[in-house]
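Undergrad: Be aware that the sequence shown starts at 415, since it is given in the numbering used here, and climbs by one per residue. Please read through the structure below; I'll follow up with questions.
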Amino acid sequence: MAELGLGIGWRSELDLTIERMDGVDFLEVVAENIRPARLPESLRVLRERGLPVIPHGVSLGVGDAEPPSPARLAHLAACAQALDAPLVSEHLAFVRGGGVEAGHLLPVPRTRESLRVVTENVRRAQDALPVPLALENVAAIFGWPDDELTEAEFLAELVAATGVGLLIDVANLYTNQVNLGLPAVAALDALPLEHLAYVHVAGGYEHGGIWHDTHTKVAPRPVLDLLSELCARATPPGVLLEWDDDYPSDAVLATELSRIRAAMSLAGDPR
Numbered sequence: 415m416a417e418l419g420l421g422i423g424w425r426s427e428l429d430l431t432i433e434r435m436d437g438v439d440f441l442e443v444v445a446e447n448i449r450p451a452r453l454p455e456s457l458r459v460l461r462e463r464g465l466p467v468i469p470h471g472v473s474l475g476v477g478d479a480e481p482p483s484p485a486r487l488a489h490l491a492a493c494a495q496a497l498d499a500p501l502v503s504e505h506l507a508f509v510r511g512g513g514v515e516a517g518h519l520l521p522v523p524r525t526r527e528s529l530r531v532v533t534e535n536v537r538r539a540q541d542a543l544p545v546p547l548a549l550e551n552v553a554a555i556f557g558w559p560d561d562e563l564t565e566a567e568f569l570a571e572l573v574a575a576t577g578v579g580l581l582i583d584v585a586n587l588y589t590n591q592v593n594l595g596l597p598a599v600a601a602l603d604a605l606p607l608e609h610l611a612y613v614h615v616a617g618g619y620e621h622g623g624i625w626h627d628t629h630t631k632v633a634p635r636p637v638l639d640l641l642s643e644l645c646a647r648a649t650p651p652g653v654l655l656e657w658d659d660d661y662p663s664d665a666v667l668a669t670e671l672s673r674i675r676a677a678m679s680l681a682g683d684p685r
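Here's what the structure looks like:
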């Protein structure tokens, strides 16, 4: 996978902030928020400076029972070409069935039959895209009762079958640990991190004993500790900060990037 460095998710609300920010090596943009034929001026400016931009899809649905929509795949491909992107990322998620939108990135049933379907869907997506595909683990709000595999086992077998890259969101691992009791470090130990494309870091908040992965707060210490744990096991090609609403000052974002750099440098430190 391409070497990316330290990045931030591009949002129109952050365009000027990112343009004047030092220490940003790459960007990610939600693919559904842009039109390839008319890219935002800020993205064109940043691309001209040499910053790679990754289209990040949120609606493809490789975890659906039906094959991915050719129109959605064509849009992702057009985004990749317009941005001269090194790769495209999406979520390993179930998003619709029978024409009904779930309205959320739901976990896929981790059964052998589901793995067969998802494998075929991923291969279709790979064939339609001009660049490599990476899939992100999701923050689950429930687990399916008939799961036969852990998330890490499911991803490992999917990677073995398709060669797809991994976008590991350590905030999602933390969310699943808090809300579902799934040990995050154990997941890191079971994931095929040699196929790592890049990493997501984000913040949220706890309410009523539930962790809400909102991308609107600074990353809590346990999420940064998971980043350190991941970096102790593999060198990620890139690490990216997501911030999607309640946008803070330039100084807060710069500090958050510094916290991420520090967490990466602590890999293997027993503290």
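For glycine and all other residues, C-beta sits at the position ideal for the given N, C-alpha and C.
Take the Cβ of residue 476 as the centre, count every other Cβ of all protein chains shown within 10 Å, and call the residue buried at 16 or more, exposed below.
TA: Buried, since its Cβ has 16 or more Cβ neighbours within 10 Å.
Undergrad: Comparing C-alpha positions only, which one of 659, 493, 548 sits nearest to residue 572?
TA: Answer by Cα proximity: 548.
Undergrad: May I ask which residues mark the beginning and end of the beta strand (DSSP E) holding residue 443?
TA: Residues 440-444.
Undergrad: From 462, 463, 509, 542, pick the residue whose C-alpha is nearest to that of residue 494; which is it?
TA: Closest option to residue 494, Cα to Cα, is 542.
Undergrad: For residue 679 and residue 552, what's the separation of their Cα atoms in angstroms?
TA: Whole-angstrom Cα-Cα distance: 26 Å.
Undergrad: Just checking my contact of residue 625 with residue 592 at CB under 8 Å: how many whole Å lie between their CB atoms?
TA: Confirmed, Cβ separation roughly 4 Å.
Undergrad: Can you give the Cα-Cα distance for residue 466 and residue 440, rounded to whole angstroms?
TA: Their Cα atoms are separated by approximately 5 Å.
Undergrad: Quick check: the segment 626-636 against the segment 648-663, are there 3 or more CB pairs under 8 Å?
TA: The segment 626-636 vs the segment 648-663: in contact.
Undergrad: For residue 544, which residues from the same chain have a beta carbon less than 8 Å from its beta carbon, with the 5 sequence-adjacent residues on both sides left out?
TA: Cβ neighbours of residue 544 beyond the five flanking positions: 491, 494, 495.
Undergrad: Look at the alpha carbon of residue 469 and the alpha carbon of residue 621, and state the distance between them as a whole number of angstroms.
TA: Computed Cα separation, rounded: 32 Å.
Undergrad: Please list, in chain order, all residues of the same chain as residue 489 whose beta carbon is under 7 Å from its beta carbon, the five residues on each side excluded.
TA: Cβ neighbours of residue 489 beyond the five flanking positions: 445.
Undergrad: By Cβ distance below 7 Å, which residues in the same chain neighbour residue 651 in space, the five residues on each side in sequence not counted?
TA: Contacts found: 415, 416, 417, 418, 610, 611, 612.
Undergrad: Starting from residue 422, follow its DSSP beta bridges and name the residues at the other end.
TA: Answer by DSSP bridge pairing, in chain order: 441, 655.
Undergrad: Give the single residue among 581, 520, 582 whose Cα lies nearest to the Cα of residue 554.
TA: The candidate whose alpha carbon is nearest that of residue 554 is 520.
Undergrad: To which residues of the same chain is residue 685 closer than 7 Å at the C-beta, ignoring the five residues directly before and after it?
TA: Summary for residue 685: the model assigns pLDDT 42, below 50, so the residue's position carries little reliability, and this model does not support an answer.
Undergrad: Is it buried or exposed for residue 666, if we count other Cβ within 10 angstroms and need 16 for buried?
TA: By the 10 Å Cβ count, residue 666 comes out exposed.
Undergrad: Output the distance between the C-alpha atoms of residue 424 and residue 432, rounded to the nearest integer angstrom.
TA: The alpha-carbon atoms of residue 424 and residue 432 are separated by roughly 7 Å.
Undergrad: Return yes when the Cβ of residue 438 is within less than 8 Å of the Cβ of residue 422, no when it is not.
TA: Going by C-beta atoms, residue 422 is nearer than 8 Å to residue 438.
Undergrad: Does DSSP classify residue 633 as helix, strand or coil?
TA: Here residue 633 sits in coil by DSSP.
Undergrad: Pick helix, strand or coil for residue 661, following the three-state DSSP scheme.
TA: Three-state DSSP puts residue 661 in coil, outside helix and strand.
Undergrad: Rounded C-beta distance between residue 550 and residue 473? I'm assuming under 8 Å.
TA: So it is not a contact: roughly 13 Å between Cβ atoms.
Undergrad: Who are the near neighbours of residue 634 in its chain, counting only those whose CB is closer than 7 Å to its CB and skipping five residues on each side?
TA: Hits under 7 Å: 617.
Undergrad: Got a sec? Which residues, its chain only, sit under 7 Å from residue 647 by beta carbon, not counting five neighbours each side?
TA: Once the five neighbours on either side are set aside, the close Cβ partners of residue 647 are 602, 607.
Undergrad: Express the C-alpha separation of residue 522 and residue 772 in angstroms, rounding to a whole number.
TA: Given a span of 415 to 685 for the chain in the structure shown, any question on residue 772 remains unanswerable.
Undergrad: With a threshold of 6 Å on Cβ separation, who are the neighbours of residue 546 within its own chain once the five nearest residues in sequence on each side are excluded?
TA: Contacts found: 501, 579.
Undergrad: Output the boundary residues of the alpha helix (DSSP H) element that contains residue 497.
TA: From DSSP, the alpha helix (DSSP H) with residue 497 extends over 484-497.
Undergrad: With 8 Å set as the bound, which would you pick, yes or no: does the beta-carbon of residue 554 sit closer than that to a beta-carbon of chain D?
TA: Absence of chain D from the displayed structure is noted, only one protein chain being present.
Undergrad: Are the beta-carbon atoms of residue 539 and residue 487 separated by less than 8 Å?
TA: Yes, Cβ-Cβ distance for residue 539 and residue 487 is below 8 Å.
Undergrad: First and last residue of the alpha helix (DSSP H) that includes residue 468?
TA: Note, residue 468: premise wrong, no alpha helix (DSSP H); beta strand (DSSP E) at 467-470.
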